[in-house]
Amino acid sequence: MPMRWTVLFLLFLSVSAVPVRAQVHVWEGTLNLPAYAEGAPDPNPPFDQFATGRFNYPYTLRKEISDKRTGHRWRAIYLENEYLKCSVLPDLGGHIYTCIDKISGQPMFYANPSIKKARIGYRGAWAAFGVEFNFPVSHNWVSMSPVDFAYADHKDGTASVTVGNIDRVYGMEWSVELILRPGSTVLEQHVTLSNRSDVRHRFYWWNNAAVQAWDDSQIQYPMRFAAAHGFAEVQRWPVDSQGKDLSVIHNQTDGPVSLFVHGSRENFMG
Numbered sequence: 000m001p002m003r004w005t006v007l008f009l010l011f012l013s014v015s016a017v018p019v020r021a022q023v024h025v026w027e028g029t030l031n032l033p034a035y036a037e038g039a040p041d042p043n044p045p046f047d048q049f050a051t052g053r054f055n056y057p058y059t060l061r062k063e064i065s066d067k068r069t070g071h072r073w074r075a076i077y078l079e080n081e082y083l084k085c086s087v088l089p090d091l092g093g094h095i096y097t098c099i100d101k102i103s104g105q106p107m108f109y110a111n112p113s114i115k116k117a118r119i120g121y122r123g124a125w126a127a128f129g130v131e132f133n134f135p136v137s138h139n140w141v142s143m144s145p146v147d148f149a150y151a152d153h154k155d156g157t158a159s160v161t162v163g164n165i166d167r168v169y170g171m172e173w174s175v176e177l178i179l180r181p182g183s184t185v186l187e188q189h190v191t192l193s194n195r196s197d198v199r200h201r202f203y204w205w206n207n208a209a210v211q212a213w214d215d216s217q218i219q220y221p222m223r224f225a226a227a228h229g230f231a232e233v234q235r236w237p238v239d240s241q242g243k244d245l246s247v248i249h250n251q252t253d254g255p256v257s258l259f260v261h262g263s264r265e266n267f268m269g
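Residue numbers (numbering that gives the first Met the number 0): 0 to 269.
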């Protein structure tokens, strides 16, 4: 049975005057965004029963990452009202690429100036930017691939962009509808998840948002414990067992840090 819920991206604006209520606009255009080339994909991923790691069959593996940067023009769907202008890239997993506060000119999320990939995704190639939608696994098989999309104007003056995909490993389906309303500073996200197969499957849904960070940036979550991948290790937050405050970005000197909220009773997920 499909699961549905709504996430609101809240942007608090200081406005001296209330503008005239305007209609939301949605349209398809292009976006010039350089990308780093990949080598030929591996067409022979291991079958699940012979895999020692991630299950990828029948998807190809994209592990040949290069340092060759080239210009690229991507399809982009734009969604705009008097406060926000957002863009979605259907050829890159349906990522939200930008969402700009038009009053201050500041971005809500990190709009990477190029698509430079690393071998992090389930199939290999992955890049950090905007907001990534993940289901039923993290950095999923189509995170850097084209997904289904549609966009529409609605009679009530709202407009929406919908992106989604049915994975070829388990047959699970996800759909995200992004809605912008006239006079609103909120980008709404309506999520629908479906198991289209005849058997049960494990899954999780994960919104992965990128924000720009500096050495003095600090991560603040109202939690006491954090878990590593697989919940094999649980430690205190923000000060770990070595006495290091991991909430401060410049203290994270041991490479990538992946920590997840453990045992939280707060009304959030992270």
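Backbone N, C-alpha and C define an ideal beta-carbon position, used for all residues, glycine too. What you are looking at is a predicted structure, and each value in this text was computed from that prediction instead of being measured.
Would you kindly work out how many angstroms separate the C-alpha atoms of residue i and residue j, rounded to a whole number?
i	j	result
Phe128	Gly93	12 angstroms
Phe46	Val168	11 angstroms
Ile99	Glu79	9 angstroms
Ser86	Leu245	32 angstroms
Met143	Ser113	13 angstroms
Thr184	Tyr82	6 angstroms
Glu232	Ser240	11 angstroms
Gly156	Ala149	17 angstroms
Asp152	Val146	21 angstroms
Asn273	Thr29	The first residue shown for the chain is 0 and the last is 269, placing residue 273 beyond what the model contains.
Gly170	Gly242	44 angstroms
Pro237	Ala209	20 angstroms
Gln188	Glu37	32 angstroms
His249	Asp197	48 angstroms
Phe202	Ala21	40 angstroms
His71	Trp204	30 angstroms
Asn266	Leu186	19 angstroms
Ser263	Ser257	17 angstroms
Ile95	Trp73	13 angstroms
Ser216	Glu131	22 angstroms
His200	Ser193	11 angstroms
Ala39	Gly182	47 angstroms
Val141	Val23	29 angstroms
Thr51	Pro44	11 angstroms
Hey, quick one: how far does the beta strand (DSSP E) through residue i stretch, first residue to last?
i	result
Glu27	His24 to Asn31
Leu78	Arg72 to Glu79
Val264	Rather than Val, the amino acid found at residue 264 in this sequence is Arg. Per DSSP, Arg264 belongs to no beta strand (DSSP E) and is neither H nor E.
Tyr35	Ala34 to Glu37
His153	Run containing His153: none; DSSP gives neither H nor E here.
Glu272	Outside the displayed span of the chain (0 to 269) sits residue 272, for which this structure offers no information.
Glu232	Segment: none, Glu232 is in no beta strand (DSSP E) and carries neither H nor E.
Phe224	Phe224 to Ala226
Ser174	Met171 to Leu179
Val160	Ala158 to Ile165
Asn250	First-last for Asn250: undefined, no H or E at that position.
Trp205	Trp205 to Ala208
Pick from the options: whose alpha carbon is nearest that of residue i?
i	options	result
Pro89	Glu176, Gly170 and Gln217	Glu176
Val247	Gly254, Gln219, Leu258 and Asn266	Gln219
Val136	Trp173, Ile178 and Gln217	Trp173
Val190	Ala209, Ser159 and Arg201	Ser159
Asp214	His261, Trp205, Thr252 and His200	Thr252
Tyr58	Gly262, Glu27, Ile165 and Asn207	Ile165
Arg53	Ile119, Gly182 and Leu192	Ile119
His261	Gly229, Val141 and Leu30	Gly229
Asn31	Pro42, Pro44 and Ala110	Ala110
Phe134	Val162, Pro40, Arg61 and Gly254	Val162
Ala117	Glu265, Phe259 and Pro255	Pro255
Arg61	Arg199, Lys84, His200 and Asn139	Asn139
Lys84	Tyr35, Pro44 and Val25	Val25
Gln234	Glu265, Phe259, Val210 and Asn250	Phe259
Pro42	Asn55, Leu192 and Trp73	Asn55
Tyr35	Gln22, Glu27 and Thr69	Thr69
Ala75	Ala39, Gln217, Pro181 and Glu27	Glu27
Pro33	Tyr77, Leu91 and Thr51	Leu91
Leu179	Ser193, Lys154 and Arg195	Lys154
Tell me whether residue i, by its Cβ, gets closer than 8 angstroms to a heavy atom of the ligand NAP.
i	result
Met171	The model depicted lacks the ligand NAP and carries no ligand whatsoever.
Checking contacts by CB at 9 angstroms: is residue i closer than that to chain E?
i	result
Gly70	This model lacks chain E altogether; it includes just one protein chain.
Sufficient close CB pairs (3 or more, under 8 angstroms) joining the stretch 108 to 125 to the stretch 217 to 224
no
Beta strand (DSSP E) segments (min. 3 residues) lying fully within the stretch 65 to 145:
72 to 79, 83 to 88, 94 to 100 and 130 to 133
Any contact of the stretch 53 to 65 with the stretch 103 to 113, i.e. 3+ C-beta pairs under 8 angstroms?
no
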